[in-house]
Amino acid sequence: MFDIDRWREIFQSINKNRLRSVMSGFTVSFAILLFTLLFGIVNGLSNSFTSAFVDDAQNSMQVRVRKTTKPFKGLQTGREIQLRNDDYNFVKDTYKDKIQYQSARIYKNFTLKYKNEANNYDVRAVNPDHQFLEKTIIDEGRYLNERDLNEKSKVIVIGRLVKEDLFGEKPALGKRLNVNGSSYLIIGIFSDEGGDNEERIAYIPVTTAQNIYGNNDYISQINLGYNPNLSLDAAIAFGNKIERDLRKKLNIHPDDQSALSVRNMAEANKGVGMFMGALYAIVILVGSGTLVAGIIGISNIMIFVIKERTKEFGIRKALGATPASIIGMVVQESVLITTIAGYLGLSLGTYILSLIGNNLEEKYFIKDPSVSPAIVIAATVVLILSGLVAGYVPAKRAANIKPIEALRAD
C-alpha cells in the first residue's frame, strides 16, 4: 500500500494514459456531483417542511368546530357547534393514557395598554400545557400554571414584540398591563420560532377568560399532544377515534367535515415522510445509475490499460511477481482515480450548494440545501468500494494470464 515504487508506477501509468484517465474520472466526478446536488436539493425541501411547523409540537392535534352543513337526528343545518369544558374533560378522562399534553384555547382580540402606549393584539386563553404544544420559549419570568387556573388569576404572559411595542427598552416583568379595561400582572415574556406574528400574542388563563369575558364554560378549540411513543399510524387512528367520539357526543353527522375537524400533525408528518422518502429513493436511484456508469467506464479503461501492459505483467510474473501484487497495483490505481475524481465532484457539488444558499427558498421552497457529514462519509466508502469493483475484475484477469502467453501478446 505504501510502496513508493508501486506509487511511481501507478502515476506513470496514469500520465501515459492521461486522456483515458481523465475521461474515466469525469464519469465518476459527474455522478458524485449530480448525486450531491440532488441530495442537497431534497434536503432543502425537507428543511422547508420542517421550518413550516417549527413553532408547533410535532405530536400536536387540534379539535376545531364550526357550523353544521348536514342535518342530523332532527337537528337542522347551520347549527353552531360549541365546545365546552365538559367536552374538554371528556377527552382528558377518556384518552388520558394516549395524551401527553392538553390545553383548551379561547381566541380574543383586546387592546393592551401601558401608560400612553396601546395597541390591539391577539390574546389567547389557554392551559399551562399550551406552552409545550406551541413550543413557547420563556425569556423572562414564567408561564401560566395550575394555580393561576384554579384562582382565575389576572395574570398575562406577553410576546417579545408586545413588550417592545409597549415598553420599549424598559423592563416589563412584574408591571401591570391594562387588558381591555382590566388590570393584569405580567408574569412572563416569551419568544417563538414561528416569527413576528407569534411574538405579538399574549396568553391568559382559560378560566380567567371564561369568568370575565362571558361568565360561561365555552372554549374555542381543544389542543392535544398525543403520546410520542405512538407510531404515526397509531396516532392517526387515535385522532380519527377522537373525531368519531366527539361527533357522537355533539350530535354531528359522521360525514359533516365542516362542523368538526381534527388537524393531526401525524397525518402531515406521514405524508411528508412518504413524499421525502420517494424523493430520496429517486435521488439514490439516479445517483447509483450514474455511479454504475462511471464504474463501468473506469473498468473499461483499466481493461485497455492492462491490454497495453500485458507483456509487462508477463515479465513481472516471470521474474517472480505474485498475482496478488499485480491485482493490488491495478486496484490501487483504480481506487486512486475514483477517489480523486469523486472528491472533485463532491467538493464542487458542496460549493455550488453553498452558493445557492437560501436563494431558492422564496420561489421553490428549498431552504439551505446541503449535504450532511454522514453523506460525506458514506460517499467516501462508496468511492473506495467503487474503485475496488472497477479495478478488481480486469486486475484478476491480468493476474491469471500465464507469463508465456503474456510475452507473446501483441
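229 is the number that the UniProt record's numbering gives to position 229 of the sequence shown; each next residue is one higher, with no gaps. Idealized CB from N, CA, C, for every residue including glycine. All of these numbers come straight from a predicted model, not from anything done at the bench.
With respect to Gly141, Ile187 sits close: the two C-beta atoms are nearer than 7 Å. Look at Thr322 here: in three-state DSSP terms it is coil, with no helix or strand label. In this structure, Gly40 lies near Pro369, with their beta-carbon atoms less than 7 Å apart. Taking C-beta separations shorter than 7 Å and ignoring five residues to either side along the sequence, the partners of Lys367 in its chain run Gly44, Asn47, Ser48, Ser51, Asn358, Glu361, following chain order. Relative to Arg200, the option among Val157, Val381, Ile356 whose CA is nearest is Val157. With respect to the 7 Å criterion, Ile189 and Asp245 are not classified as neighbours on the basis of their beta carbons. Its chain contains Tyr107, Lys108, Asn109, Arg200, Ile201, Ala202 as the residues whose beta carbon lies nearer than 8 Å to that of Asp122, once the 5 sequence neighbours on both sides are disregarded; these appear in chain order. Unbroken alpha helix (DSSP H) stretches of 4 residues or longer found wholly inside the region 301 to 371: 310 to 318, 323 to 356, 361 to 364, given in chain order. Annotated as proximal: Ile326 and Ala399, with beta-carbon spacing under 7 Å.
Under the three-state reduction of DSSP, Gln82 is assigned to coil, being neither helix nor strand. The Cβ atoms of Thr338 and Val22 do not sit closer than 7 Å to each other. Sorting Ile384, Ala234, Val126, Gln131 by C-alpha distance to the C-alpha of Asp217 places Val126 at the top. Just so you know, the alpha carbons of Met61 and Ser153 end up roughly 27 Å apart. Taking Tyr88 as the centre and dropping the five residues before and after it, the same chain places the C-beta of Gln102, Ala104, Ile219, Ile222 closer than 8 Å to its C-beta, in chain order. Counting every other CB atom within 10 Å of its CB across the protein chains shown gives Val381 a total below 16, marking it as exposed. Note on geometry: alpha-carbon atoms of Thr208 and Ile81 lie some 22 Å from one another. From the listed residues Asn178, Thr68, Ala281, the smallest Cα separation to Asn119 is found for Asn178. Per DSSP, reduced to three states, the secondary structure at Lys73 is coil, with no helix or strand assignment.
Ranked by Cα distance from Ala234, the options Gly294, Ile384, Lys175, Ala266 are led by Ala266. Boundaries of the beta strand (DSSP E) around Gly141: 137 to 141. Closest in alpha carbon position to Leu319, among Val162, Val206, Phe30, Lys402, is Lys402.
Pairing Thr290 with Leu34 gives a Cβ-Cβ distance under 7 Å. Residue state for Ile295 is assigned as helix, using DSSP reduced to three classes. Assignment of Gly188 by DSSP, reduced to helix, strand and coil, places it in the strand class. Around the beta-carbon of Met329, 16 or more other beta-carbon atoms lie within 10 Å, marking it buried. Cα atoms of Asp129 and Ile375: separation of roughly 38 Å, rounded to the nearest angstrom. Burial state of Asp5 is exposed, judged by a 10 Å Cβ sphere holding fewer than 16 other Cβ atoms. Spanning the alpha carbons of Asp192 and Tyr392 requires a straight line of approximately 57 Å. The three-state reading of DSSP puts Leu260 in strand, counting E and B together. Note on geometry: alpha-carbon atoms of Asn264 and Leu353 lie some 34 Å from one another.
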